[in-house]
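Right, one structure below, let's go through it.
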Amino acid sequence: MDGSLVFFDNYSPVGDIVVIAVSVVMAVLILASYVKKTRSFVIFLSMIFVLFVSSLSNIFYHYLYFDYVNVNNHIIYGLRFLFHASLYANLFLYIVYIAEVQQLEKIKKYILFGLGIAGYVIITVVDILGSKFGFGFRIGEYGAVKGAAMEGFNIFMVGYIFFCSIIMYMMIRYKDRLYGQVMSGFYGTMAVSFFVIAIQGRFDQTSFTTATFLFPLIAMMYLLHSNPYDVKIGSVNVNALEDQVSYNYSRGREFILMSLYMKDFDEEGKKFPETMNKTFRRFAGKYFRGAVLFQISNGHVMLIADKRRNPDFENKVNMILNEFFEEYAKYRYDYKIVMGHSLEEISRRNEYISFIKHIHGFMKENDVHFIDYDDINTFNQEKYILDQLGDIYRRRDLDDSRVAVYCQPVYNMETNKYDTAEALMRLNLPQIGMVLPEQFIHLAEDNQYIHVLSLIILKKTCTEIRKLIVDGYEVNRISVNISVLELRDDNFCDDINKIIKDSGIPEDKIAIEITESQNENDFIIMKAKVNELKEQGIKFYLDDFGTGYSNLERIMEVPFDIIKFDRSLVVASGENEKSEKMVGNLAHMFRDLNYSVLYEGVENDLDEKRCIDMSAVYLQGYKYSRPIPIEQLTEFFEKKVG
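All residue numbers for the sequence shown refer to the working numbering, where the first residue is 68 and numbers rise by one.
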């Protein structure tokens, strides 16, 4: 057929050919890219398919009509009906799609779907009856009108207006269910569609009817289903990981995962260098079929591959590790690698990110960990602890029985007796019993629960100090550990003061242990809060001196009372004479500046003698006592004489 064909309704196949071409291009892009396989995406694919069908049927309907003499007119009627029915189906699917992304309640969905289905059935039946009884589209069969197309009543436009009315109602009535910019995109594409339909009607054209249905699909793909690859590394973003896990789990598919964490790059503004990007691109595309690389954070990537498509995965894992170790030998960036199979429990809960972060917590740098079922047990325990911490935080009960106070007595060299102690936090949880600080402090800090825990410890410590004083025991002070993160709370000082005042004990019976902060803003806050509480008579310890970062100039700016030398300095001082002299000179300097020196981690007689020779005022460690319930301090503290 040549290009000079003129159809009865001024139709040109150009619009439908464009729709078919764009539909194919969209399908190719979907196959080539990573798209989240949600229910709304399945509806979106269905809309592309029915639009593809409508374009094909429209083209064939018009060309077969042109060759009417040689074609059974029932075929023409059938193709025309298929064209209209598929367009109606597209509009109905649009209703279903919007209801899905707006997350409408079931009852609202049922009403809208019921209305749409009823309208679909009525309109398609009327369309068929219109051709059969002559009030709709028909082909003349007798005399001068034989073979002529007669439109009659425009049933399609009624259906179009009906479905578009429902769609517009949903988009306006529930517009707050979606982000405003997304809604603006839908409004804009629909406005263009309506405009093209109106222009066509003005010029008695029908060529671009199907194309107007394509515009919203383009909006859907761009606004809601695009998840572009990072072209440098070949990864998709973290949001796609949950979808991939859900998709595999719903279909019973096992997968292999490899996680790489590099702390040097896991900071805001940091990126992997190009040498690493090349390595990642090679790993993602070279070794596993159908693998997808996800970027969890700036310094954390995870590779997932279908286990069935990679039966030789063990060999490939070894090849990747060997190649990675070669790269590591060149650049020496610290890493943590976690790898293994998908686990049913973690897949069901879709918790691989938090699961792997949990594993990172107990891994050493430059180590490879293969996932096993023991990891699930420790992860579940950590989740339980976190849930309990959250409940403690929400209740804010300062007498919560789940928070226990232990103490380690401290020997006072000036009085030659135990009259001070350090309060230590424990959790006593119903399902797992006693939990040590290293198992929960980091969770409390990461989730902003730590301040409530500290207030509970402070309240219970103050209560016990009051009991000791009332019972006649000599109590110099008991110290409580405070996280630097707590100082950021504007109410920190008020909270501390209120608990001490309400307990009725003198302020100097409480001391606060705090670790030096490397962060400039935190240091400024710390200095201000320490000064404010010092005015109330509260003592302050600098905890963990000698570990990590210690800035003597900064220490001098904060009015600490006691410098607490870490166990590592006690150990170092026993290694050789030079180390002992360095530690001793530091302690002597602090003593001359009117600081008291406390050595922690004293475990034997040699440690004790060395610390005494190094200007010790206070001694703490297993030589004297392990941590004990605070109620047992009566076994160490002495009663006042007389």
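Even for Gly, the Cβ is constructed at its ideal location relative to N, Cα and C.
Let's see if you can read the secondary structure: which residues bound the beta strand (DSSP E) around residue i?
i: Q475; result: 470-479
i: T346; result: Run containing T346: none in the beta strand (DSSP E); it sits in the alpha helix (DSSP H), 341-353.
i: L665; result: 663-667
i: M492; result: 484-496
i: R269; result: First-last for R269: 247-269, but that is the alpha helix (DSSP H), not the beta strand (DSSP E).
i: M406; result: 403-408
i: K631; result: 629-632
i: D373; result: 367-373
i: I697; result: Neither: I697 is in no beta strand (DSSP E) and is coded neither H nor E.
For residue i, which option in the options has the closest C-alpha, if you only look at C-alpha atoms?
i: S409; options: I517, F229, F148, F322; result: F322
i: L465; options: I563, E553, I264; result: I563
i: I110; options: I605, L149, V259, V168; result: V168
i: F159; options: L146, I228, V193; result: I228
i: V163; options: K450, E587, M238; result: M238
i: L98; options: R469, V188, G357, V259; result: G357
i: V305; options: F261, F361, F704; result: F361
i: K706; options: L653, V542, G651; result: V542
i: V634; options: V625, Y662, D674; result: According to the sequence shown, residue 634 is Arg rather than Val. If we check each option's Cα against that of R634, D674 comes out closest.
i: E335; options: M480, N365, L308; result: N365
i: F17; options: L552, I532, V85; result: Any question about residue 17 goes unanswered here, given that the chain covers just 68 to 709.
i: S570; options: M93, L525, D434, K676; result: L525
i: F148; options: I165, S121, L171; result: S121
i: A683; options: M480, T346, L609, D557; result: M480
i: Y316; options: V259, Y289, E412, F332; result: E412
i: E580; options: P573, L131, K601, E432; result: K601
Could you give the first and the last residue of the continuous alpha helix (DSSP H) run that contains residue i?
i: N447; result: 440-462
i: T277; result: 276-290
i: L32; result: The requested residue 32 does not occur in the structure, where the chain is confined to residues 68 to 709.
i: I549; result: Neither: I549 is in no alpha helix (DSSP H) and is coded neither H nor E.
i: I300; result: Where I300 is concerned, there is no enclosing alpha helix (DSSP H), given that its DSSP letter is neither H nor E.
i: F422; result: 419-429
i: V619; result: Here the sequence assigns Leu to residue 619, which means Val is not the residue at that position. Segment 619-624, the alpha helix (DSSP H) holding L619.
i: G539; result: Where G539 is concerned, there is no enclosing alpha helix (DSSP H), given that its DSSP letter is neither H nor E.
i: I87; result: 81-99
Rounding to the nearest angstrom, what Cα-Cα distance links residue i and residue j in this structure?
i: N385; j: F391; result: 10 Å
i: I472; j: K534; result: A small correction: the amino acid at residue 472 is Val; Ile does not occupy that position in the sequence shown. Those two C-alpha atoms are separated by around 15 Å.
i: Y113; j: T342; result: The amino acid occupying residue 113 in the given sequence is Ser; Tyr does not appear at that position. Cα to Cα, S113 sits roughly 42 Å from T342.
i: R544; j: E505; result: 25 Å
i: V658; j: L619; result: Correcting the residue identity first, residue 658 is Arg in this sequence and not Val. When rounded, the distance between both Cα atoms is 14 Å.
i: E583; j: I622; result: 8 Å
i: S692; j: I679; result: 18 Å
i: Q501; j: R493; result: Gln is not the amino acid found at residue 501; the sequence shown has Met there. Roughly 7 Å between the two C-alpha positions.
i: S100; j: S293; result: 9 Å
i: A211; j: Y155; result: Annotation note: pLDDT 39 at A211 (below 50); position unreliable, coordinate value reported separately. About 34 Å.
i: Y354; j: F380; result: 9 Å
i: K594; j: E670; result: 33 Å
i: K374; j: M325; result: 12 Å
i: F119; j: D297; result: 31 Å
i: I363; j: E418; result: 13 Å
i: G226; j: I266; result: 19 Å
i: F282; j: R555; result: 51 Å
i: G457; j: V519; result: 10 Å
i: K105; j: T277; result: Residue 105 is actually Thr in this sequence, not Lys. About 26 Å.
i: F598; j: Q515; result: Checking the sequence, you will find Asn at residue 598 rather than Phe. Between N598 and Q515, the C-alpha separation is close to 24 Å.
i: T701; j: T528; result: 14 Å
i: S640; j: L453; result: 39 Å
i: Y60; j: L123; result: There is no way to answer for residue 60, as the model of the chain reaches only from 68 to 709.
Taking buried to mean at least 16 other C-beta atoms within 10 Å of its own C-beta, is residue i buried or exposed?
i: T482; result: exposed
i: P694; result: buried
i: G252; result: buried
i: P80; result: buried
i: P497; result: exposed
i: V102; result: buried
i: L370; result: buried
i: G186; result: buried
i: N548; result: buried
i: H141; result: exposed
i: V708; result: exposed
i: L96; result: exposed
- Would you list, in sequence order, the uninterrupted beta strand (DSSP E) runs of no fewer than 3 residues that lie entirely inside the stretch 562-612? Positions of the beta strand (DSSP E) runs, each at least 3 residues long and wholly inside the stretch 562-612, are given as 577-582, 606-612 in order along the chain.
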